[in-house]
Amino acid sequence: MLAAKLTSRGNFILESVPEPVIRQPDEVLLKMVQVGICGSDLHYFRQGAIGDQAVTFPFTLGHEGTALIQEVGPEVKELEPGDKIVIDPAITCGRCDQCLAGRPHTCRHLKFLGCPGQQEGCLQEYMVMPEKNCFPVDEDLFPLGVLVEPLAIALYAAHLAGSLTGKRVAIFGCGPIGLGLILHCHLSGAKKIVATDKVQARLDEARRLGANWVGNPDRQDIVAELNSLADSDSSLNPSENIKDLFSSKEFDLAFDCCGDQQALNQAISILKPGGQLIIIGIPETNQIYFDPHVLRRKEIAIFNVRRQNNFFPQAMAFLKAQKDYLKSLITHHFPLKDIQRAFDIASSYKDGVIKAVIDLS
Numbered sequence: 002m003l004a005a006k007l008t009s010r011g012n013f014i015l016e017s018v019p020e021p022v023i024r025q026p027d028e029v030l031l032k033m034v035q036v037g038i039c040g041s042d043l044h045y046f047r048q049g050a051i052g053d054q055a056v057t058f059p060f061t062l063g064h065e066g067t068a069l070i071q072e073v074g075p076e077v078k079e080l081e082p083g084d085k086i087v088i089d090p091a092i093t094c095g096r097c098d099q100c101l102a103g104r105p106h107t108c109r110h111l112k113f114l115g116c117p118g119q120q121e122g123c124l125q126e127y128m129v130m131p132e133k134n135c136f137p138v139d140e141d142l143f144p145l146g147v148l149v150e151p152l153a154i155a156l157y158a159a160h161l162a163g164s165l166t167g168k169r170v171a172i173f174g175c176g177p178i179g180l181g182l183i184l185h186c187h188l189s190g191a192k193k194i195v196a197t198d199k200v201q202a203r204l205d206e207a208r209r210l211g212a213n214w215v216g217n218p219d220r221q222d223i224v225a226e227l228n229s230l231a232d233s234d235s236s237l238n239p240s241e242n243i244k245d246l247f248s249s250k251e252f253d254l255a256f257d258c259c260g261d262q263q264a265l266n267q268a269i270s271i272l273k274p275g276g277q278l279i280i281i282g283i284p285e286t287n288q289i290y291f292d293p294h295v296l297r298r299k300e301i302a303i304f305n306v307r308r309q310n311n312f313f314p315q316a317m318a319f320l321k322a323q324k325d326y327l328k329s330l331i332t333h334h335f336p337l338k339d340i341q342r343a344f345d346i347a348s349s350y351k352d353g354v355i356k357a358v359i360d361l362s
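In the working numbering, the protein residues as written are 2 to 362.
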């Protein structure tokens, strides 16, 4: 079978590798159908590492996958050949203190697909996974299945924030996680939603999914513009009273979905005293910083999001209910043979890319 191998920073090849076989009674053999390109994949592609997790080349990336069941082990109860599934990429032990405490996302023995030192990824034609990591998906949702994992992260982050009703929310970074958050916040009764990104197509989607205001930090002073809107009597469109929406210059919640230092600075600047900063994005540097005096004077609470915590079922339900809104997040499809071009485009954010998908079937 063929597997996409990252052979050095920025370079892929297709390599013939042995087809995997079932070795444990609770495992299933999968024929991969689609794999989404995630921001963390792009970190490994560009830099060869995320923090101290460095790639040993060659390595197979990919963790957002849909597949067909080909074969099942003798102890598999709920799946059978031919079933369409979405993959939960986090293989947990189920026995450590974190798993027993209801925190499988911080399992002490976690093996995550496409993570160096843990598990080869799913950018390959076949792979083997435990049954518990395979979620059956309806026929109509199967083409959108690669969105489930990023949406699960978005919903888990929103859960950490608590009630969104009446809240003023800022979202920095409008990839699939940020856009999923915008729609969820909108549907959950947020009073005001603002969003930033450097890609115009993503800002257009943010507006469509419920953002009241969008901005590009490469072209605008985000903090200054948000502050000025609080004193403005003008409307962004005839259906919105911006004076009412922006009657306060400060925000209750800020979600960082890009890991950018500039965005973190902007978030701290616009949060109200007692506000929450929820960090989802992965920085490309090994250190980020905050002004401790601003943090303590405002008593800002900072939460870090580690992937998703049992939010796969909620994400699947959310995607099913909102598929007509969310389907446009998948903007690009590439065959496996074009893996290099796919990553080049996704990494440079060209051509209005939001979610690029590799088609393996």
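Heads up, the beta-carbon is just placed ideally off N, CA and C, and yes, glycines get one too.
Note that the structure is predicted; figures quoted are calculated from it, not measured.
The region 97 to 107 and the region 12 to 22 do not touch, with fewer than 3 CB-CB distances between them shorter than 8 Å.
Excluding its 5 nearest sequence neighbours in each direction, Val18 has C-beta neighbours in its own chain below 6 Å: Ala4, listed in chain order. Scanning Gly353, Lys351, Ala207 and Pro336 for the CA closest to the CA of Ser362 turns up Pro336. When secondary structure is reduced to three states using DSSP, Phe58 falls in the coil class, being assigned neither helix nor strand. In the three-state DSSP reduction, Gly181 falls in the helix class (H, G or I). Following the DSSP letters along the chain, one finds Gly66 inside the beta strand (DSSP E) bounded by residues Glu65 to Val73. If you draw a straight line from the Cα of Gly275 to the Cα of Glu300, it comes to about 5 Å. Per the Cβ contact rule, the region 190 to 199 is in contact with the region 165 to 179 (3 or more Cβ pairs under 8 Å).
In terms of Cβ geometry, His44 and Leu114 do not form a close pair [threshold 8 Å]. In this structure, the beta-carbon distance from Thr61 to Lys6 falls below 8 Å. Burial check for Ala196: the Cβ neighbour count within 10 Å reaches 16 or more, so the residue is buried. Ile283 is positioned such that its CB atom lies closer than 8 Å to that of Gly260. By the Cβ neighbour-count rule, Asn287 is exposed, with fewer than 16 other Cβ atoms within 10 Å of its own.
Counting every other CB atom within 10 Å of its CB across the protein chains shown gives Glu81 a total below 16, marking it as exposed. For the options Ile281, Leu254 and Cys258, the alpha carbon positioned closest to that of Ser270 is the one of Leu254. Boundaries of the beta strand (DSSP E) harbouring Tyr127: Tyr127 to Pro131, taken from the DSSP string.
In terms of Cβ geometry, Ile92 and Cys135 do not form a close pair [threshold 8 Å]. CA-CA distance, Lys328 to Val138, rounds to 15 Å. Each residue's CA atom was taken as its position, placing Lys78 and Thr67 some 20 Å apart. Selection Ile281, Pro75 and Asp345 evaluated against Arg308 yields Ile281 as nearest (Cα-Cα).
DSSP, read as helix, strand or coil, puts Val224 in helix. Taking 8 Å as the upper bound for CB-CB distance, Glu20 and Met2 are in contact here, some 5 Å apart.
Scanning its chain for C-beta atoms nearer than 7 Å, with the 5 sequence neighbours on each side dropped, one finds around Gln263 the residues Pro218, in chain order. Here Thr107 carries a helix assignment [DSSP, helix/strand/coil]. In this model, Ala231 and Leu272 are separated by some 14 Å (Cα to Cα). Here Val358 is near Val147, since their CB atoms are less than 8 Å apart. In this chain, the beta strand (DSSP E) harbouring Leu272 covers Leu272 to Ile280. By the neighbour-count criterion, in which 16 or more other beta carbons inside 10 Å mark a residue as buried, Val34 falls on the buried side.
In its chain, beyond the 5 residues on either side, Asn217, Pro218, Asp219 and Tyr350 have a beta carbon closer than 8 Å to the beta carbon of Lys199. Here Leu182 is buried, its C-beta having at least 16 other C-beta atoms within 10 Å. Here Cys94 carries a coil assignment [DSSP, helix/strand/coil].
Distances from the alpha-carbon of Asp205 to those of Glu226, Ala225, Gly174 and Ile279 put Gly174 closest. A Cβ-Cβ contact shorter than 8 Å links Tyr157 with Asn310.
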